[in-house]
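Chemist: To start, I am sharing the structure in question, which I have written as structure tokens.
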Ligand code: HEC
Ligand code: HEC
Ligand code: HEC
Ligand code: HEC
Ligand code: HEC
Ligand code: HEC
Ligand code: HEC
Ligand code: HEC
Ligand code: HEC
Ligand code: HEC
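Residue numbers (full-length UniProt numbering): 1 to 347.
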């Protein structure tokens with residue numbers, strides 16, 4: 001009896017200790033996760049981690065090399081002349097954090113954290129360059145603009161901003177972001193959605209998604225950033241992961257395999273047969289079957305009779321290999337087979 005009581009007590013104590021430690025790790029994780037980060041980079045919130053407002057507390061006026069004598073004047077001075085802009089700004093992600101930080105410490109920079117010290121601009125507003133402007137005619141070089149934002153946002157997804165195709169082509173952060181107004185639910189994008197923002201310059205690509213076969217981007221279920229990192233990558237075409245296939249596997253995991261019998265071009269690159277932005281062929285294919293297959297398979301055993309117009313489904317003597325689903329009516333496991341009798345990708 002005493003023994004049983006002892007064990008009961010031990011279990012209760014053990015459960016209590018276990019329970020609290022679970023709670024503790026729960027909060028620790030929540031704290032680590034607080035700053036909103038995207039692109040799945042583990043350290044993208046680096047500059048912002050230790051607490052809710054810290055990303056803004058102690059913020060200083062940005063450095064403006066064109067106005068070396070300017071001094072910070074504080075946001076009241078700015079809002080005296082820019083009431084309308086300040087009103088728009090008030091609902092944005094930065095404003096909410098900056099207001100909180102300012103309440104804690106009155107020396108925190110707000111407007112001037114992005115626009116630089118404003119004393120000389122306030123005295124002579126029409127002289128270009130005296131305030132860091134993010135517009136084409138504002139007189140501030142693009143490098144200064146980017147450096148201003150990067151003072152808080154370097155690293156993580158922006159590790160490869162310098163040298164990226166967008167940076168080299170003279171884009172500014174403000175070509176895609178407008179921190180002055182909250183027009184999008186997230187990401188402070190310049191247009192209402194990420195896709196619309198990209199389409200301001202890449203409308204041709206956006207149009208390809210209107211083709212017969214496309215992934216559900218026009219339907220709002222995907223965005224360009226599911227596959228691209230607009231801030232820069234180490235590979236071609238700003239593809240988010242090291243290889244094109246890794247990007248596709250994010251959502252089409254079953255195509256990763258492993259397969260007992262692989263189909264070499266699938267392993268090599270999905271784009272050997274598919275086009276990512278839209279196609280008028282079935283299933284985003286780059287060419288209709290059987291021509292797709294015959295780009296590579298015209299000189300091996302049975303497929304060595306090249307399909308001609310005569311043999312196509314609409315021709316005089318249609319060949320079974322060109323009817324219906326063409327080659328894939330027999331070679332159905334085109335992405336790879338796990339069947340012991342599937343070396344020809346039949347099953
Ligand atoms: C005395 C009034 C006044 C004050 C104070 C003032 N501004 Fe301005 N600001 C102006 C005027 C006027 C313009 C338009 C100048 C022009 O179009 O050439 C302007 C333009 C700007 C621009 C746009 C530049 C461009 O071409 O894109 C920014 C950004 C700006 N101000 C920020 C600020 C900030 C930040 C502060 C506070 C540090 C501030 N201003 C204080 C009057 C003022
Ligand atoms: C997080 C950085 C950031 C902060 C903080 C910020 N701005 Fe801006 N501001 C910008 C950017 C970027 C633009 C260019 C927007 C665009 O593309 O039109 C801009 C544009 C402006 C303009 C030009 C007119 C316009 O709307 O395009 C004025 C004026 C201005 N800001 C004033 C202010 C004032 C006043 C504050 C503080 C209440 C402030 N800004 C805070 C980044 C900032
Ligand atoms: C003083 C530091 C500071 C400066 C300067 C700054 N930011 Fe931020 N920004 C932050 C912090 C902190 C957050 C995180 C807010 C959050 O996640 O809640 C943030 C968030 C963002 C976001 C994400 C918003 C969202 O809703 O997901 C974007 C985009 C952004 N900033 C762009 C810019 C751009 C563009 C500039 C330059 C014009 C800039 N920032 C300048 C501190 C700064
Ligand atoms: C070509 C367009 C484009 C340019 C240029 C651009 N961004 Fe972005 N940025 C985006 C898009 C789109 C998102 C939203 C990504 C998401 O939600 O996954 C984003 C997200 C962000 C975020 C929030 C998420 C994160 O990555 O932590 C920050 C901060 C940010 N950008 C800062 C910047 C800064 C700073 C610059 C300039 C050096 C810049 N961006 C230039 C398109 C751009
Ligand atoms: C202000 C215009 C502008 C916006 C907005 C813009 N881009 Fe670009 N983008 C460019 C320019 C310019 C190039 C270089 C074009 C070239 O070299 O042909 C480019 C190139 C690219 C490339 C090709 C890279 C390569 O190596 O070939 C990709 C991918 C890309 N952008 C994706 C995006 C995405 C995704 C967005 C939205 C988040 C976006 N862009 C928004 C201007 C823009
Ligand atoms: C399903 C993934 C995926 C989506 C979604 C996607 N892309 Fe791409 N994109 C790619 C891949 C993969 C390449 C590389 C193509 C190559 O190497 O031939 C590419 C290439 C590009 C290029 C450069 C080559 C070219 O075709 O001109 C641009 C520009 C581009 N994409 C812009 C965009 C824009 C803008 C969007 C959103 C409207 C978008 N992409 C959506 C996967 C995607
Ligand atoms: C963010 C998720 C995502 C990524 C990344 C992605 N896809 Fe898709 N893909 C989808 C969704 C969702 C569908 C639609 C599925 C459906 O309708 O059942 C789809 C459909 C397809 C289809 C069939 C289209 C049709 O008309 O039947 C092909 C082929 C395809 N994707 C290839 C690719 C390739 C190649 C890549 C890499 C460049 C890729 N996908 C990356 C989500 C994604
Ligand atoms: C050798 C050419 C080829 C390559 C390479 C290829 N595919 Fe396909 N894929 C096809 C064909 C053909 C179809 C149409 C199958 C059908 O209609 O049943 C298809 C269909 C699809 C579909 C839609 C139907 C399904 O099976 O879910 C997706 C998704 C897809 N492919 C993804 C991928 C991905 C991801 C890669 C890269 C890992 C890839 N494909 C590489 C030929 C290829
Ligand atoms: C980009 C070139 C390319 C394309 C397009 C392509 N294949 Fe292949 N395929 C190959 C290569 C390379 C092999 C491996 C050949 C080997 O191992 O000897 C292969 C292997 C095969 C095999 C197995 C044959 C064997 O000897 O192991 C079949 C069946 C096959 N492909 C059918 C197709 C069909 C059907 C299509 C069209 C949907 C197609 N392929 C499209 C390159 C391609
Ligand atoms: C009616 C069913 C059928 C159709 C349709 C068909 N095949 Fe085959 N294919 C087979 C069979 C069965 C084999 C296995 C022959 C063997 O193992 O000797 C084969 C073998 C192959 C091989 C491997 C050849 C080798 O060296 O062993 C390739 C490559 C191939 N087919 C490609 C194609 C292409 C490309 C098409 C479309 C033009 C196609 N097949 C249409 C049934 C078909």
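Every residue, glycine too, gets a C-beta built ideally from N, C-alpha and C.
It should be emphasised that the depicted structure is a prediction, and the values quoted were computed from it without experimental measurement.
Can you tell me the Cα-Cα spacing of residue 222 and residue 275, whole angstroms?
Modeler: Counting from 1 along the chain shown, the entry for residue 222 is found at position 222. Counting from 1 along the chain shown, the entry for residue 275 is found at position 275. Roughly 16 angstroms between the two C-alpha positions.
Chemist: Going by DSSP, what residue range makes up the alpha helix (DSSP H) through residue 84?
Modeler: For this step, residue 84 is matched to residue 84 along the chain shown. 83 to 89 is the span of the alpha helix (DSSP H), which, as asked, contains residue 84.
Chemist: Along the alpha helix (DSSP H) that carries residue 265, what are the first and last residues, could you check?
Modeler: Residue 265 sits at position 265 when you count from the first residue of the chain shown. 264 to 268 is the extent of the alpha helix (DSSP H) around residue 265.
Chemist: Buried or exposed: where does residue 101 fall if 16 or more other Cβ atoms within 10 Å of its Cβ makes it buried?
Modeler: The residue labelled residue 101 in the question sits at position 101 within the chain shown. Under this definition residue 101 is a buried residue.
Chemist: Which of the three DSSP states, helix, strand or coil, is assigned to residue 115?
Modeler: Numbered from 1 along the chain shown, position 115 holds the residue referred to as residue 115. Looking at residue 115 - three-state DSSP - the assignment turns out to be helix.
Chemist: Since residue 201 and residue 189 are thought to touch, with beta carbons under 8 angstroms apart, how far apart are those beta carbons, to the nearest angstrom?
Modeler: As a working mapping, residue 201 is identified with position 201 in the chain shown. As a working mapping, residue 189 is identified with position 189 in the chain shown. Wrong, their Cβ atoms sit about 13 angstroms apart, outside the cutoff.
Chemist: Are the segment 76 to 88 and the segment 149 to 156 in contact at 8 angstroms, needing three or more beta carbon pairs?
Modeler: With a cut-off of 8 angstroms, the segment 149 to 156 and the segment 76 to 88 do not count as touching, because too few Cβ pairs lie within range.
Chemist: Tell me the start and end of each unbroken beta strand (DSSP E) in the segment 192 to 235 that is at least 3 residues and wholly inside, in chain order.
Modeler: The segment 192 to 235 contains no whole beta strand (DSSP E) run of 3 or more residues.
Chemist: Can you list, in chain order, the residues of its chain whose CB lies under 7 angstroms from that of residue 334, leaving out five sequence neighbours each side?
Modeler: What you label residue 334 is simply residue 334 of the chain shown in a count that begins at 1. Only 263, 328 and 345 meet the Cβ criterion.
Chemist: Are the segment 307 to 323 and the segment 230 to 237 in contact at 8 angstroms, needing three or more beta carbon pairs?
Modeler: The segment 307 to 323 vs the segment 230 to 237: no contact.
Chemist: On a Cα-Cα basis, can you pick out the residue from 212, 250 and 75 that is closest to residue 225?
Modeler: Numbered from its first residue, the chain shown carries residue 225 at position 225. Closest option to residue 225, Cα to Cα, is 250.
Chemist: If you compare alpha carbons, which of 75, 57 and 131 is closest to residue 69?
Modeler: Here the question's residue 69 lines up with position 69 in the chain shown. Nearest option by C-alpha distance: 131.
Chemist: How about residue 122 and residue 73: are their beta carbons less than 7 angstroms apart?
Modeler: Within the chain shown, numbered from 1, the residue matching residue 122 stands at position 122. Within the chain shown, numbered from 1, the residue matching residue 73 stands at position 73. Their beta carbons are under 7 angstroms apart, which means residue 122 touches residue 73 by this criterion.
Chemist: Touching or not, the segment 55 to 66 and the segment 87 to 107, by the rule of three or more beta carbon pairs under 8 angstroms?
Modeler: Result yes; three or more Cβ-Cβ pairs closer than 8 angstroms.
Chemist: Provide the residue span of the alpha helix (DSSP H) that contains residue 150, from first to last.
Modeler: One-based indexing of the chain shown puts residue 150 at position 150. That run of the alpha helix (DSSP H) goes 142 to 153.
Chemist: Rounded to whole angstroms, what's the CA-CA distance from residue 107 to residue 60? Just pull it up for me.
Modeler: The residue you call residue 107 lines up with position 107 of the chain shown. The residue you call residue 60 lines up with position 60 of the chain shown. Spanning the two alpha carbons is a distance of roughly 8 angstroms.
Chemist: Would you list the residues sitting across from residue 368 in a DSSP beta bridge?
Modeler: Residue 368 is absent from the model: the chain starts at 1 and stops at 347.
Chemist: Are the C-beta of residue 270 and some C-beta of chain D separated by less than 7 angstroms?
Modeler: Note that chain D does not occur in the displayed structure, where there is just one protein chain.
Chemist: What do you reckon, is the C-beta of residue 221 under 6 angstroms from a heavy atom of ligand 9?
Modeler: Numbered from its first residue, the chain shown carries residue 221 at position 221. Not so, every heavy atom of ligand 9 lies at least 6 angstroms from the Cβ.
Chemist: Tell me where the alpha helix (DSSP H) around residue 166 begins and ends.
Modeler: Start at 1 with the first residue of the chain shown, and residue 166 comes out as number 166. Per DSSP, residue 166 belongs to the alpha helix (DSSP H) from 165 to 168.
Chemist: Is there at least one non-hydrogen atom of ligand 3 closer than 6 angstroms to the beta-carbon of residue 179?
Modeler: The sequence position of residue 179 within the chain shown is 179, counting from 1. Indeed, a heavy atom of ligand 3 lies less than 6 angstroms from the Cβ.
Chemist: For the segment 267 to 328, which segments carrying the alpha helix (DSSP H) assignment without a break, of at least 4 residues, lie completely within its bounds, in sequence order?
Modeler: DSSP runs (the alpha helix (DSSP H)) wholly in the segment 267 to 328: 291 to 294.
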